[in-house]
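Asks: Residue numbers (full-length UniProt numbering), protein chains in the order written: chain A, 1 to 293; chain B, 1 to 118; chain C, 1 to 475.
Quick reminder that beta carbons are idealized off the backbone N, C-alpha and C, glycines included.
Remember, it's a predicted structure, so these values are computed and weren't measured experimentally.
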């Protein structure tokens, strides 16, 4: 017993080795903190400078009449700066940000300036990046800036394993193609979270009044989150023509779908609002009278 | 006619400034609520356009402050990305004269400015 | 002599193995947390919270804030809470039997009238409610004020939960400063979970001492001047940045800070709400909620949001720090004892196998091990039996590893949120980290042990008051 204890007794040397190692890592960490602070400060300063330098120029370009018709003529120092990838990245995200605040024909103007500065290749490089956050950023930029030629690339990404990438791709499809962009729902493999449905519906709000594609496939499909989303779309767009299908969904095997269908019909004044208990029972016994046409 | 714009997005602020200057107004633009208050202490613009969501001091606070001071008759247009009912209600109850939800169009802004100016 | 020598060796070996194990696990957690936090930050740039703020589809929440003798600050607090971005909410202020003019101020300023539409009784036990008020002024239409007899924080929260009408409840202290988007960020995980029910979310709490507050909003972040507070800044960064992310990832998170947390109201009620008479009611609530879900075989999650959303005041003197840590220790032991059934019980999943045992072995036992070690060291030093070289080696090792964690945490802060931007702030924080093991750590260890002893001896002790020094108000 005694011997065993002595064997376990760590030698001082070993502990000192440990300590030295820890001290070394500490030094590296300390240096890391300082370097990180420098990098942060430098990057921030750079970004601030680029924004400050370009904001007036960009605003003037955006305010010019018939943008995009004449050739781009930039002051030489800006021309040189534009070659730097970092500058192009900052400019692309600034344009996207500005576009989010503006409406109407300004959007086309912003797209024209984006094209004029030839920022699309930069966004495309992001799209092809292996890092998910760059990929998502690329999708965001290309779709916001109306780069229709990438629609097929983006539709493939709506089933991407990374959540942010596929969410951004789904939104991107609507930005690019409007209601037709919803075609990604046909081949959707992942459930749409409530959050993502908010985002998609919010994006769709811009198209109220535009005719939607046929909803039957989605309303009667097997993807439950898609069914819920389709009901919400019908509600948002006041598609009373689907009331019959939605009425049937009040007896769907999934409670969430039953609830959503009931709420939609109630919103339209076509049925009473079910209590939780009625919702539970609804599947077994039809509660509401079938609607006549 | 003098207009004060408080908006934290650089490009958007500059665009509003350019557009309104083109319409013949004399425009001052600041990037946060604090600067707006400082400006208001020394100047009396004829119209104020302010974003709600800004660093340091929010647009609603600017409106609230103005209406208690010598600027109480100066018309204010509030800009916001939050198109929520309660924000709109709060803005009007604090004394805002008009409310524009982002995304907005610059033409719309000009029309509203003209209406308030007349 | 031989027996003592062997015993001593055993003890020092034990200490070494214990240190290596705990510090090693911390280091793994740290590496993991850095990755996850950066991921969160990147995701943030694709998240448009405006969508939720203005949507009528956004889930309804009840924001609960308790107030006890907060007359001087209550109106500012209400104003600050009302300015948060969220449309679909009600704000419930619970006046927990204040002896000052808290209620009168509320009634006068918010133009309150008695509200008879809300039943005063609910499923959770609480002290009698004297009255429920609502405002006649449309600006304050979201506000509900509950006036009740004094019963402590847990009791007041239960009263609020009883009267809350919405699906989710958000608990906060009246005197915390919340970020404008805090509610949106807390609610989002509830909407994102597709296969497991989200039952609670919690964000990062930071220390507000010496920061500048303007109209109920944080306008400038400063590093606290007081060394005790500054050390707590470090402590908070270490705990939140390093620990909770990892716990959340393995779905083993047990602490959602009482200062700011969002919960599913149905589950809170089903598990009995806040534990009255507990000194750690926030800790107890999450454990109870998890137990309820495990016992009913329901898949669930508790999510941590790695973003500083809530700023609160930290004790600035040894006296108040002692009160706080004493109370925490009592709360920990109470909760562990109440839920002792779960310890190493595989039918409670991660909760029983990992989370609770971790709190038992590291959070609960650590002060005792340190204390016993110190006593043994003293005895040996006095009797001249100490092997100084061995001791120094061990000390250097343990100290070094402790510093490693602190520095890791600082690195993480700098590389993620980077909130302390005044010149020299980070240097001051590093300095506080170096001093910590020599005065702060022994002191909080002492407080924790005193807390355990007080509880065992059933010594009556209240919550321990804290003098509010107030944060610097900007002019």
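For residue 140 of chain A, which of A/95, A/43, A/112 has the nearest alpha-carbon?
Replies: Reading the first chain from its first residue, position 140 is the one you call residue 140 of chain A. It is A/95 whose Cα lies nearest to the Cα of residue 140 of chain A.
Asks: Since residue 216 of chain C and residue 280 of chain C should fall inside the 8 Å C-beta cutoff, what is the C-beta to C-beta distance between them, to a whole number of angstroms?
Replies: Start at 1 with the first residue of the third chain, and residue 216 of chain C comes out as number 216. Start at 1 with the first residue of the third chain, and residue 280 of chain C comes out as number 280. Incorrect: roughly 28 Å between the Cβ atoms, too far for contact.
Asks: Can you round the beta-carbon distance between residue 91 of chain C and residue 112 of chain C to whole angstroms, since I take them to be within the 8 Å contact cut?
Replies: Locating residue 91 of chain C in the third chain gives position 91, where the first residue counts as 1. Locating residue 112 of chain C in the third chain gives position 112, where the first residue counts as 1. The Cβ separation is near 13 Å, so there is no contact.
Asks: If contact means a Cβ-Cβ distance below 8 Å, which residues of the stretch 195-227 of chain C contact chain B?
Replies: The residues in question are 214, 215, 217, 219.
Asks: Looking at the ligand NAD, does it come within less than 7 Å of residue 393 of chain C, judged from the CB to the closest heavy atom?
Replies: The ligand NAD is absent from the structure shown, which contains no ligand whatsoever.
Asks: Can we say the stretch 180-196 of chain C touches the stretch 143-160 of chain C, given the rule of at least three CB pairs closer than 8 Å?
Replies: In short, these stretches do not touch, since the Cβ pair count stays below three.
Asks: Just to confirm the assignment: which complete alpha helix (DSSP H) runs, minimum length 4, are found wholly within the UniProt domain "Response regulatory" (2-117) of chain B?
Replies: Segments of the alpha helix (DSSP H) lying fully in the UniProt domain "Response regulatory" (2-117) of chain B: 10-22, 33-42, 59-68, 85-94, 106-117.
Asks: What's the C-alpha gap between residue 37 of chain B and residue 27 of chain B?
Replies: Looking up residue 37 of chain B in the second chain gives position 37. Looking up residue 27 of chain B in the second chain gives position 27. Cα-Cα distance, rounded: 16 Å.
Asks: If you follow the alpha helix (DSSP H) that residue 346 of chain C is in, where does it begin and where does it stop?
Replies: Looking up residue 346 of chain C in the third chain gives position 346. Unbroken run through residue 346 of chain C: none, as it is neither H nor E.
Asks: Would you say residue 3 of chain B faces chain A, with C-beta separation under 8 Å as the test?
Replies: In the second chain, the residue the question calls residue 3 of chain B occupies position 3. Cβ-Cβ to chain A under 8 Å: no for residue 3 of chain B.
Asks: Give a yes or no on whether the minimum CB-CB distance between residue 23 of chain B and chain C is below 8 Å.
Replies: As a position in the second chain, residue 23 of chain B is number 23, starting the count at 1. No, its Cβ sits nowhere closer than 8 Å to a Cβ of chain C.
Asks: Using a cut-off of 8 Å between C-beta atoms, extract the partners of residue 139 of chain C located in chain B.
Replies: Your numbering for residue 139 of chain C matches position 139 in the third chain. By Cβ distance, chain B contributes 89, 90, 93.
Asks: Taking all protein chains shown into account, decide if residue 267 of chain A is buried (16 or more other Cβ within 10 angstroms of its Cβ) or exposed.
Replies: Taking the first chain and counting its residues from 1, one reaches residue 267 of chain A at position 267. Answer is exposed; the Cβ neighbour count stays below 16.
Asks: Please list, in chain order, all residues of the same chain as residue 129 of chain A whose beta carbon is under 6 Å from its beta carbon, the five residues on each side excluded.
Replies: As a working note, residue 129 of chain A is residue 129 in the first chain. The answer, listed in chain order, is 135.
Asks: Examine chain A for any beta-carbon lying closer than 8 Å to the beta-carbon of residue 19 of chain B, and answer yes or no.
Replies: Start at 1 with the first residue of the second chain, and residue 19 of chain B comes out as number 19. Yes, its Cβ sits closer than 8 Å to a Cβ of chain A.
Asks: For residue 273 of chain C, which residues from the same chain have a beta carbon less than 7 Å from its beta carbon, with the 5 sequence-adjacent residues on both sides left out?
Replies: By 1-based counting over the third chain, the position of residue 273 of chain C is 273. Counting only Cβ-Cβ distances below 7 Å, and skipping sequence neighbours, we find 124, 158, 161.
Asks: Evaluate the contact criterion for the stretch 318-329 of chain C versus the stretch 444-456 of chain C: three or more CB pairs, one atom per stretch, below 8 Å.
Replies: Because the criterion of three Cβ pairs below 8 Å is met, the stretch 318-329 of chain C and the stretch 444-456 of chain C touch.
Asks: Kindly give me the distance between the Cβ atoms of residue 64 of chain B and residue 78 of chain B, rounded to whole angstroms, as I take these residues to be in contact under 8 Å.
Replies: One-based indexing of the second chain puts residue 64 of chain B at position 64. One-based indexing of the second chain puts residue 78 of chain B at position 78. No, residue 64 of chain B and residue 78 of chain B are not in contact; Cβ-Cβ is about 11 Å, not under 8 Å.
Asks: According to DSSP, simplified to helix, strand and coil, what is residue 132 of chain C?
Replies: The residue given as residue 132 of chain C occupies position 132 in the third chain. The answer is strand: DSSP assigns residue 132 of chain C an E or B state.
Asks: Indicate whether at least one CB of chain C lies closer than 8 Å to the CB of residue 39 of chain B.
Replies: Here the question's residue 39 of chain B lines up with position 39 in the second chain. No, its Cβ sits nowhere closer than 8 Å to a Cβ of chain C.
Asks: Give every residue of the same chain whose Cβ lies closer than 8 Å to the Cβ of residue 390 of chain C, excluding the five residues on either side of it in the sequence, and list them in chain order.
Replies: Within the third chain, residue 390 of chain C is the residue found at index 390, counting from 1. Cβ neighbours of residue 390 of chain C beyond the five flanking positions: 12.
Asks: Within its chain, find whatever has a CB closer than 8 Å to the CB of residue 12 of chain B; leave out the 5 residues flanking it on each side and keep chain order.
Replies: Position 12 of the second chain, counted from the start, is the residue given in the question as residue 12 of chain B. If we look at residue 12 of chain B and ignore the five residues flanking it on each side, it has no Cβ neighbours.
Asks: Would residue 143 of chain A pass as an interface residue toward chain C - the criterion being a Cβ-Cβ separation below 8 Å?
Replies: Stepping through the first chain from its first residue, residue 143 of chain A is reached at position 143. Taking Cβ atoms only, chain C never reaches closer than 8 Å to residue 143 of chain A, which makes this a no.
Asks: Using a Cβ-Cβ cutoff of less than 6 Å, which residues in the same chain neighbour residue 18 of chain A once the five nearest sequence positions on both sides are dropped?
Replies: The residue labelled residue 18 of chain A in the question sits at position 18 within the first chain. No residues qualify anywhere along the chain.
Asks: To the nearest angstrom, how far is it from the Cα of residue 51 of chain C to the Cα of residue 202 of chain A?
Replies: By one-based count along the third chain, residue 51 of chain C stands at place 51. By one-based count along the first chain, residue 202 of chain A stands at place 202. Their Cα atoms are separated by approximately 7 Å.
Asks: Pick helix, strand or coil for residue 62 of chain C, following the three-state DSSP scheme.
Replies: Looking up residue 62 of chain C in the third chain gives position 62. Reduced to three states, the DSSP call for residue 62 of chain C is strand.
Asks: Mind checking the stretch 81-112 of chain A against chain B and listing, in chain order, the residues whose C-beta falls within less than 9 Å of any C-beta there?
Replies: Listed by position along the chain: 94, 95, 97, 98, 99, 100, 101, 102, 103, 104, 105, 106, 107.
Asks: Could you say if the stretch 172-181 of chain C and the stretch 32-42 of chain C meet the contact criterion of at least three C-beta pairs nearer than 8 Å?
Replies: The stretch 172-181 of chain C, when compared against the stretch 32-42 of chain C, does not touch it at the 8 Å Cβ threshold.
Asks: Residue 342 of chain C by DSSP, collapsed to three states: which one?
Replies: The sequence position of residue 342 of chain C within the third chain is 342, counting from 1. Here residue 342 of chain C sits in helix by DSSP.
Asks: If you draw a straight line from the alpha carbon of residue 5 of chain B to that of residue 109 of chain B, how long is it in whole angstroms?
Replies: Locating residue 5 of chain B in the second chain gives position 5, where the first residue counts as 1. Locating residue 109 of chain B in the second chain gives position 109, where the first residue counts as 1. For residue 5 of chain B and residue 109 of chain B, the distance between alpha carbons rounds to 12 Å.
Asks: Do the CB positions of residue 85 of chain C and residue 53 of chain C come within less than 8 Å of each other?
Replies: As a working mapping, residue 85 of chain C is identified with position 85 in the third chain. As a working mapping, residue 53 of chain C is identified with position 53 in the third chain. Against a cut-off of 8 Å, the Cβ pair of residue 53 of chain C and residue 85 of chain C comes out as a contact.
Asks: Is the CB-CB distance between residue 147 of chain C and residue 77 of chain C below 8 Å?
Replies: Residue 147 of chain C sits at position 147 when you count from the first residue of the third chain. Residue 77 of chain C sits at position 77 when you count from the first residue of the third chain. Going by C-beta atoms, residue 147 of chain C is not nearer than 8 Å to residue 77 of chain C.
Asks: If we count the other Cβ atoms within 10 Å of its Cβ and call it buried at 16 or more, is residue 339 of chain C buried or exposed?
Replies: As a working mapping, residue 339 of chain C is identified with position 339 in the third chain. Classification of residue 339 of chain C: buried, given that the 10 Å Cβ count is 16 or more.
Asks: Would you say residue 61 of chain B lies against chain C (beta-carbon separation less than 8 Å)?
Replies: For this step, residue 61 of chain B is matched to residue 61 along the second chain. Interface residue, yes.
Asks: For residue 158 of chain A, go through chain C and note every residue whose CB falls closer than 8 Å to its CB, in chain order.
Replies: In the first chain, counting from the first residue as 1, residue 158 of chain A sits at position 158. Those do not exist, as residue 158 of chain A stays about 15 Å from chain C at its closest Cβ, beyond 8 Å.
Asks: Comparing C-alpha positions only, which one of C/364, C/34, C/46 sits nearest to residue 137 of chain A?
Replies: The count along the first chain starts at 1 and reaches residue 137 of chain A at position 137. Residue 137 of chain A has its Cα closest to that of C/46, out of C/364, C/34, C/46.
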